[in-house]
Every structure is written in C-alpha cells, then in structure tokens.
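Residue numbers (our numbering), protein chains in the order written: chain X, 1 to 422; chain P, 1001 to 1422. From the three backbone atoms N, C-alpha and C, an ideal C-beta is built for every residue, glycine too.
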C-alpha cells in the first residue's frame, strides 16, 4: 500500500513551524508496512490544495492531509477536497449539536457562526469525531481508487485520529505485513568507509534494505525488513545484521540503536565500575552527555572542567613542568588530567580531553589538535589527533572519541593509537 | 520570485528525521521577499527525484533541493539533476584535489573511490565549494527558466551554502528591496506573556512585521522590515524595536540576537571578571555552553561537575550537615557549591546548579526541583523553583536560569526570587 502525506498551511511554507506531523505519520506508517513515497506541503489556497491533493490521489492508494480543518476563513481543506471529488457539502446535524455542546462547555458565550463550517462534510464521505479539539476529520473516497484522510494540523488532534481510527484502518487494509528495523551504530569510522565495506550488501538489498545516516563522529546503519509477521521480518534482518556487524567489527558500539553515552552506561553498570571525566576543550559536554541518560548517577561521579591552565594544576594536579614543557595540549597533560580526575572523584575509570578547539591556536597547538587519555589504574592510554573541522565539530568529535575510548576499554578492545599527524 | 523546496532522502519519508531544513529555508526566503508555494519530499529513487524536481522547476523560478549529495550509493540527487537537464557529468579536477586534501587531513588513510562522485558536476553547471563538509553544492539552470540550487542535507552544511551564496544571489535577483531584521531575546518569561505585552504592536504590524519564536527558557521577538535600502529598513525597525524593548524591560538579554552564553561572555569581558560553575543536575552543560563561544578562555576558568553527593563534599567542600540535613537539592547546598567553586577556581563569580532532573526523585526532592546559587563574594543569592517539564527540559531550563542569573548580576539587575512552589 502506498501513502502520501500532504501538509496544508501557509505557516509551514513560511517556516514558522516544521512539518513534524509528516515525520510522526511517516514513522507510524512505516511501522505498519505502508510505503510513503512523497510528502507535499501547500499553503492556504484553494486551487493549489486541489492540485496537490489531486496529484497525491493520482499516484497513491491513501492520501493523508493535515491542517486547514479549523473554523477560520483560511481553513479551506474541507472545501478543496469537496471540489476535488465534485461533491456538494452537507451540513451534518449531529456535528452541529456536538459543536454547540462543546462550545457551551468552554463558557465563552455564543458560538461564532464560522464554527458551523466544521459540521460540513462532502456528500457520501465519512467523518471522524474529535475528542480533544473541535475539528472533525474526513474520510473521502476519490472515484478511481485513492482514499483521502483529512485530519487537523494540531499535532495532538492529528495523533488522536491517526491512532484512534486511521492507522487501524490502514493496518487492516495493508494486510498482515509488518516492518521491523535494526540499527547498528559505529564510532571512529567515516560514512564513506562504512559504505565501501558493505557496498555489495547495499547493492543487493531490497528486503531487508540498508540505509546509512551520518552525524559528527558517528555512522548509523539501519536494516529494515518487511514480512508477514514480526518473527519473519526479524529472521530476514538477522543474517544481514550479523554480516554487517562482522565486517565492520569493533567500530560497532551498539546493535540496539543506543547512543554512545548509553552504551558506556550499560557497560559501566554491567561491570559495576564508576567513571569521572576531566575536560578542557569540551567544557563539560562529555559529562553533560553522560548525564542525559536517566540513572547515570549510578556510575558517573563527576567531571572536573579545567578550562584554564591554572585550574588544571590546582584542581587536577597537572605538574608545572608539564604545563611549561609539553603544554596544556599534550599527551602528558591528558594523562595527568585523567589521573587527577580518577583520584579527585575516587573513580574506577577516568577519561580526559584537552585540545585546541579553534579557531585560534591554544597552548602552542594548532586548532583541531586533541589529546585524549584514559586512566583505569592498571591501564593507562593516550591518543592524539588533529581534526580539520571547525570548533563545534572538533568538540563533538572529541566527545565521541573520548566516550568511544571508554567503550573500547570496557569491552576489552584494542585501544586506538594516535594518528600519524601528531 | 517563486521558490520551491525539495527534500531528498528516504529517512525523511520514514520519519527518522523531520524536514527542519525546509522550515529554516522557508523562514529565510520569506525574509528576503521570496514566496515559497510548495514543499516536496521524495526518497532516494532516481526516477522519482527527477519527477519531483522537474515538477518544481515547471512551476517555480527557483528550486532549492536538500540532501542526496553525499558520497554513498544512495546519494543520487546529483545524477537526478543531470538527468533532468540532460547534461553529461563532468568530473571537476579542482574538486578532486580539494577532496583529496580534505581527506588527507582526516588522517584516515586512502580516500574511498566513492568520494570522487562528489567531484561530478553536470556540464555547464556551477558549484558551491563546501567549507565544513565535503559535498559541493550545485547550481543548475533548467532550459526554459528555473534555476536549481542543490545543497547537502546536513543542516550546518545547508546553512553554510544558503548564507554564503544562495540567499545573496536570490536577494540580488529579487530586486532592489532589502530585508533586514533585528532579534531581541528574552529569558525568564513565557511566550504567551510576551505576546500579551506586545499584542497591539503585533496586530498593527506589516512592515516591519513581528514574529515570536519560543524555545526552552527563551523567547525570541523578531522584527523584520523590507525597504529599498538597508538604511530605510533599519529606520523602520528602530522605533518598533525600541518600543518592544521598553515594554519587555530587563527580561531582554540581547538586542543583537546573541545567545545567552554570548551575552554573559560579553558582560564578563567588559567588566574583566572571571566565572566558574558548580554543576550537578546539568552534568556540565552550563560549562559546555559557555565554552561554545570562541575566546571563552578569557573569562571562564572551569566547572566542578559534582554529580555524586560525595563529590560535592570532597571537591567543593559542601558540609556533611548540609548533605545530611537539607540535602543535595537545597538552598544551602547550592550556596555551598557556589562558594566552593569560587574558591576552587579562584573566580570572581561562581554559579551553582543542583536539582532533581527526573524522572525519579533525587535527594528527597521531587523531579523538576532546581536550586541555583550565585556567589560573587560580596553578593550571594539563591533561587529555587519546581519545573513541571521532563528531564531534558528541566536541564535546559536550569542552564538558562543559571546563565540568566549571572547575566542579571553582571548588569546590576534585580535578582529573581524563588517561586512560591518551594
């Protein structure tokens, strides 16, 4: 079954709001095995709405329209759909009664006459009574095949009608097919390198299908399968996921779509270890990410954000000779920061980050130079690299690299060496 | 001038991400007087991309395409546009050189052959060299009139090319009218209260126009004017901006669209003062935000992220009686944390945050309970409140409230009292 999502509203075109309805609907439709091939957005203009919904109805089995069902003059989705199917509008008495009762409940006096437009339904169409709002949804069959569902643009009212009526109707019509997906997430590897490693699987893939999504310091590989049952879909995914995992190896930090900070939390919890961080160029963002995870207080003790050289000495005990010799952006400084944080917080494992985020050089180091260190008592390790990116990406990559260093240590993996650039 | 925005990417159709690029572009295009009549979204399918971009080119003067310019097999926007205008692809040597140099800078060994696809440009087309990313943008004229701009889907890379090249070209083509806007940003006030205070200005406004944008702990008021020259546009904005500022008063932390952390940095720099933070529920995110600003090392010394009670005692000197009496989420604890951080970093001003971010209660305090304190030696101040929001918003509001407390102190404003809820 093919669906298309149409957003109606000039506020979407002006960028006053993002089309989050389309995102939500797309996600839910894919879960029940309905393919969405296009989204369209159009303003509050009758002729253009008719055109857009008509185009959608010509190429999809189901058209989901959001917005333009309210009581004001610029709410004209109802009229556009009636025009498209060339049906006269019928004012439905039961909706009029409902609207009058609802309005009386608001205690705002007489209902404006405008609101009665919401009781108009194209002849022969069904409607969906609202629970939260006052705008009924419409279900209209286009001669020739497609079915149009029109729902309000207010997200909560859209969700109510999707969950209460539309997804159920579509799931029943789509038959027994279900869609499942599994996401592997990788750190310490670029998107193009991932693509190269799994190119043949990607080329061959249709069910399950493969997709990549890259962000700073991370690549996601998503494997999606469609089948009659969840078990069959999982059975299609399993061998491909396994093959992708084997090929990518230990750059994969999760096969369950966890964030890197969640994977680190899971590993610390399993090994009953505590963590502290010593941060300079990241200013506290490693600690902030670790503590985004509810329950992080079970394993995260704290961070010493020593942005100034003096704080590195006073708070973490970095030696004067280090600050004056190799400097604040050096292997020695990172290792002493990690040791200092481990002692200060009495943690099992400490990770340290120091560097020159840019745009200016810092401590004699070029912008983009980063040193990371891990101190777990018996094991200590440092890694340096130079990133060619801008300040915000240098910081984000440093976070990822530091969290991944901890992840690799906790999993007993080989710890990455410094790049030759340093 | 009429523009249309096309998003390319199956991840948009599957609802894995929202089409925030279209929102951002729509907002910026409307500011320079370009009308956007439609958005479309299509998946990574050559034939359908050709169809969608072709439809857009048939009814708009300018088509803005985002996504599908990366190095992997599913990045096919480049090929679709070449197919649409029936132009052969030419591999541009200067882009190849650029890509090789960029890749060498990553220190990840040989560049995958795939990446070279990014050097392909349809014959006769222009391109936009990237600064942050590796995917060049394309500028392709469709025979018959429309111009296509294709930019990467990664938001930062899209913004870079829009601001660096495309908006300037479109503004120039749109004629002599210029559009200017000024943004006031407010903390410690809700959007509906702002709307109430400036309602009459909003109703009356057309040129300049007013718009609000709310995010966690912040409301932006944007005043936009269109005129023949920049001077005339500024002259239209000035009296309205002044009136809005007077009415809103000291909740306005900037009239130049600075982030709150930038405003704090500006004030610290002007007064030659240094800052440190003591953080618990935010895990380091206040320090991370302050150090997002280049040059923050001139005034920010560091943060003590004391997530555990023991770290509050050992690192910041919070008294045992405080931990065992009022507890870790209390006025006393916040004040002792601020005093401890001020001493530890030898800072002029310290700000402390402690609270129960949720979803569980913490230290005997209900989820959403937050205590902030400021210690500037002669001045100390604490403020408590309870937020009804979820974990991530509780943390974000706490950051904003703490930064705004520092901002108010530095500006010599009245410091906010605790809400009655505490």
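Contact between residue 1394 of chain P and residue 1379 of chain P does not hold, since their C-beta atoms are separated by about 26 Å, which reaches or exceeds 8 Å.
Take residue 201 of chain X, set aside five residues on each side of it, and the residues of its chain with a beta-carbon closer than 7 Å to its own are 210, 240, 243, 244, in chain order.
DSSP, reduced to helix, strand and coil, places residue 1313 of chain P within a helical segment of the structure shown. In the structure shown, the three-state DSSP call for residue 4 of chain X is strand. Contact of residue 103 of chain X with chain P is not assigned, every C-beta pair being separated by 7 Å or more.
For residue 1402 of chain P, there is no enclosing beta strand (DSSP E); the residue is part of the alpha helix (DSSP H) that begins and ends at 1391 to 1411. Burial check for residue 1404 of chain P: the Cβ neighbour count within 10 Å reaches 16 or more, so the residue is buried. At a cut-off of 7 Å between beta-carbon atoms, residue 83 of chain X makes no contact with chain P.
The three-state reading of DSSP puts residue 79 of chain X in helix, counting H, G and I together.
Under the three-state reduction of DSSP output, residue 128 of chain X falls in the strand class. Annotation for residue 1241 of chain P: no beta strand (DSSP E) segment contains it, though the alpha helix (DSSP H) segment containing it runs 1230 to 1248. At a beta-carbon threshold of 8 Å, none of the residues of chain X lie near residue 1263 of chain P; the nearest stands roughly 17 Å away. The three-state reading of DSSP puts residue 47 of chain X in helix, counting H, G and I together.
Annotation for residue 71 of chain X: no beta strand (DSSP E) segment contains it, and DSSP assigns it neither H nor E.
DSSP links residue 139 of chain X through a beta bridge to X/126, X/149. Taking residue 1291 of chain P as the centre and dropping the five residues before and after it, the same chain places the C-beta of 1300 closer than 7 Å to its C-beta, in chain order.
Beyond the five residues adjoining it in sequence on each side, residue 1090 of chain P comes within less than 8 Å, by CB distance, of 1120, 1121, 1122, 1123 in the same chain, given in chain order. The C-beta separation of residue 174 of chain X from residue 32 of chain X comes to about 6 Å, placing the pair in contact by the 8 Å criterion. With a cutoff of 7 Å on beta-carbon distance, residue 1340 of chain P and residue 1316 of chain P are scored as near each other. Taking 4 residues as the minimum length, the alpha helix (DSSP H) runs contained wholly in the region 252 to 334 of chain X are 260 to 271, 285 to 290, 309 to 316, 320 to 324, in order along the chain. C-alpha of residue 1258 of chain P to C-alpha of residue 1223 of chain P: approximately 15 Å in a straight line. Note on geometry: alpha-carbon atoms of residue 138 of chain X and residue 1303 of chain P lie some 56 Å from one another.
Sequence-distant Cβ neighbours of residue 1414 of chain P in its own chain, meaning closer than 8 Å and more than five residues away, are 1250, 1408. A direct Cα-Cα distance of roughly 16 Å separates residue 1320 of chain P from residue 1307 of chain P. If you check each beta-carbon in the region 34 to 47 of chain X against every beta-carbon of chain P, the ones closer than 7 Å belong to 36, 37, 38, 39, 40, 41, 42, 43. With a 10 Å radius around the Cβ and a threshold of 16 neighbouring Cβ atoms, residue 1129 of chain P comes out exposed. Contact between the region 146 to 165 of chain X and the region 61 to 81 of chain X is present, with at least three C-beta pairs closer than 8 Å. Scanning chain P for C-beta atoms nearer than 8 Å to the C-beta of residue 25 of chain X yields 1015, reported in chain order. Between residue 1412 of chain P and the set P/1271, P/1332, P/1401, P/1288, the nearest pair of CA atoms involves P/1271.
Taking the Cα of residue 193 of chain X as reference, the smallest distance to any Cα among P/1092, P/1401, P/1103, P/1327 is reached at P/1103. Interface with chain X (7 Å Cβ-Cβ cutoff): residue 1071 of chain P is included.
Contact of residue 1305 of chain P with chain X is assigned, a C-beta pair being separated by under 7 Å. Burial is judged here by how many other beta carbons sit within 10 angstroms of a residue's own beta carbon; residue 1118 of chain P has at least 16 and is buried. Each residue's CA atom was taken as its position, placing residue 1008 of chain P and residue 1147 of chain P some 17 Å apart.
Your pair residue 1275 of chain P and residue 1268 of chain P checks out as a contact, with CB atoms roughly 6 Å apart and the cut at 8 Å. Per the C-alpha coordinates, the member of X/226, X/228, X/357, X/338 positioned closest to residue 283 of chain X is X/357.
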